[in-house]
Amino acid sequence: GEQVEQRPPHLSVREGDSAVITCTYTDPNSYYFFWYKQEPGASLQLLMKVFSSTEINEGQGFTVLLNKKDKRLSLNLTAAHPGDSAAYFCAVRPSSSFSKLVFGQGTSLSVVP
Amino acid sequence: EAAVTQSPRNKVTVTGGNVTLSCRQTNSHNYMYWYRQDTGHGLRLIHYSYGAGNLQIGDVPDGYKATRTTQEDFFLLLELASPSQTSLYFCASRKRGDEQYFGPGTRLTVL
């Protein structure tokens with residue numbers, strides 16, 4: 153079944169720097185991808201959902217890139233600020249089961265002032 | 005705003021104990037999920053359901069039972085709790101074609 157590998161597990165950047173989190177997946181037919189943010193002690197909140205038909209998606213202060221050829225999904229936080237400090241998880245909806253999500257292992261991001 | 009609530013928020017039990025975690029969603033969503041979150045593993049799916057009376061096995065079901073009594077309520081049962089089940093448990097709901105909405109989580113400690 154689908155497997156998702158997320159890197160790095162921990163990331164520390166200075167305020168104003170960029171931060172990049174990457175997920176690779178195995179199912180070439182996966183077509184629906186998600187990024188969730190989990191602030192300390194809180195639940196998961198959806199950051200962005202991405203269809204496989206769109207390679208670049210921009211949000212407030214971040215960009216999501218999907219490379220279907222390499223089966224790689226990345227989250228790029230531009231000009232990170234302390235409020236971005238959180239755990240981030242990618243999730244992939246596999247073609248074998250449209251009801252499920254397969255999550256990456258998570259990245260703990262720390263933005264230092 | 006989709007609403008998913010969980011109870012209890014914290015639970016401590018002993019090995020061999022009987023635990024029930026509750027989840028309620030008021031979103032009229034068809035799908036509900038139970039996950040456990042452990043460092044280094046992300047979220048792993050335990051059980052999920054399409055609707056009242058339906059149960060589907062997830063990826064890490066051993067040691068867990070679940071029951072969906074109504075569209076709103078989904079329960080996770082640990083009948084003989086073990087220390088390996090110490091974890092943070094999340095419930096989520098989803099309507100067809102949409103993203104999953106997560107509850108606040110239940111921290112379970114098995115001594």
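Residue numbers (the numbering used here), protein chains in the order written: chain A, 153 to 265; chain B, 5 to 115. Built from N, CA and C at the ideal position, the CB exists for glycine as well. The structure presented is a predicted model; accordingly, all values stated were derived computationally and were not measured.
{"Asked": "Using DSSP with H/G/I as helix, E/B as strand and the rest coil, what is residue 26 of chain B?", "Found": "strand"}
{"Asked": "What in chain B is Cβ-close to residue 186 of chain A, meaning under 9 Å?", "Found": "103 and 104"}
{"Asked": "Three-state secondary structure (DSSP) at residue 257 of chain A?", "Found": "coil"}
{"Asked": "Start and end of the beta strand (DSSP E) containing residue 166 of chain A?", "Found": "162-166"}
{"Asked": "Check the Cβ of residue 251 of chain A against every Cβ in chain B and list those closer than 7 Å, keeping chain order.", "Found": "35 and 52"}
{"Asked": "Helix, strand or coil for residue 10 of chain B per DSSP?", "Found": "strand"}
{"Asked": "For residue 63 of chain B, count neighbouring Cβ atoms within 10 angstroms of its own Cβ and tell me buried if that reaches 16, exposed if not.", "Found": "exposed"}
{"Asked": "Could you check how far apart the C-beta atoms of residue 95 of chain B and residue 37 of chain B are, in whole angstroms? I think they sit under 8 Å.", "Found": "7 Å"}
{"Asked": "In chain A, what lies closer than 8 Å to residue 94 of chain B by C-beta?", "Found": "195 and 196"}
{"Asked": "Can you check which of these residues, A/264, A/258 and A/253, is closest to residue 49 of chain B by C-alpha distance?", "Found": "A/253"}
{"Asked": "Using a cut-off of 7 Å between C-beta atoms, extract the partners of residue 257 of chain A located in chain B.", "Found": "44, 45 and 46"}
{"Asked": "Find out if the Cβ-Cβ distance for the pair residue 163 of chain A, residue 187 of chain A is shorter than 9 Å.", "Found": "no"}
{"Asked": "Run through chain B and tell me which residues come within less than 9 Å of residue 203 of chain A, C-beta to C-beta.", "Found": "Within chain B, no residue comes near residue 203 of chain A; the closest Cβ sits about 11 Å away, beyond 9 Å."}
{"Asked": "By alpha-carbon positions, which one of B/91, B/11, B/19 and B/17 ends up nearest to residue 39 of chain B?", "Found": "B/91"}
{"Asked": "According to the Cβ coordinates, are residue 75 of chain B and residue 33 of chain B closer than 9 Å?", "Found": "yes"}
{"Asked": "On the premise that residue 46 of chain B lies in contact with residue 235 of chain A, defined as a C-beta separation below 8 Å, what is that separation, rounded to the nearest angstrom?", "Found": "So it is not a contact: roughly 22 Å between Cβ atoms."}
{"Asked": "Interface residues of chain A around residue 57 of chain B at Cβ under 8 Å?", "Found": "Residues of chain A passing the Cβ test: none, with the nearest at roughly 16 Å."}
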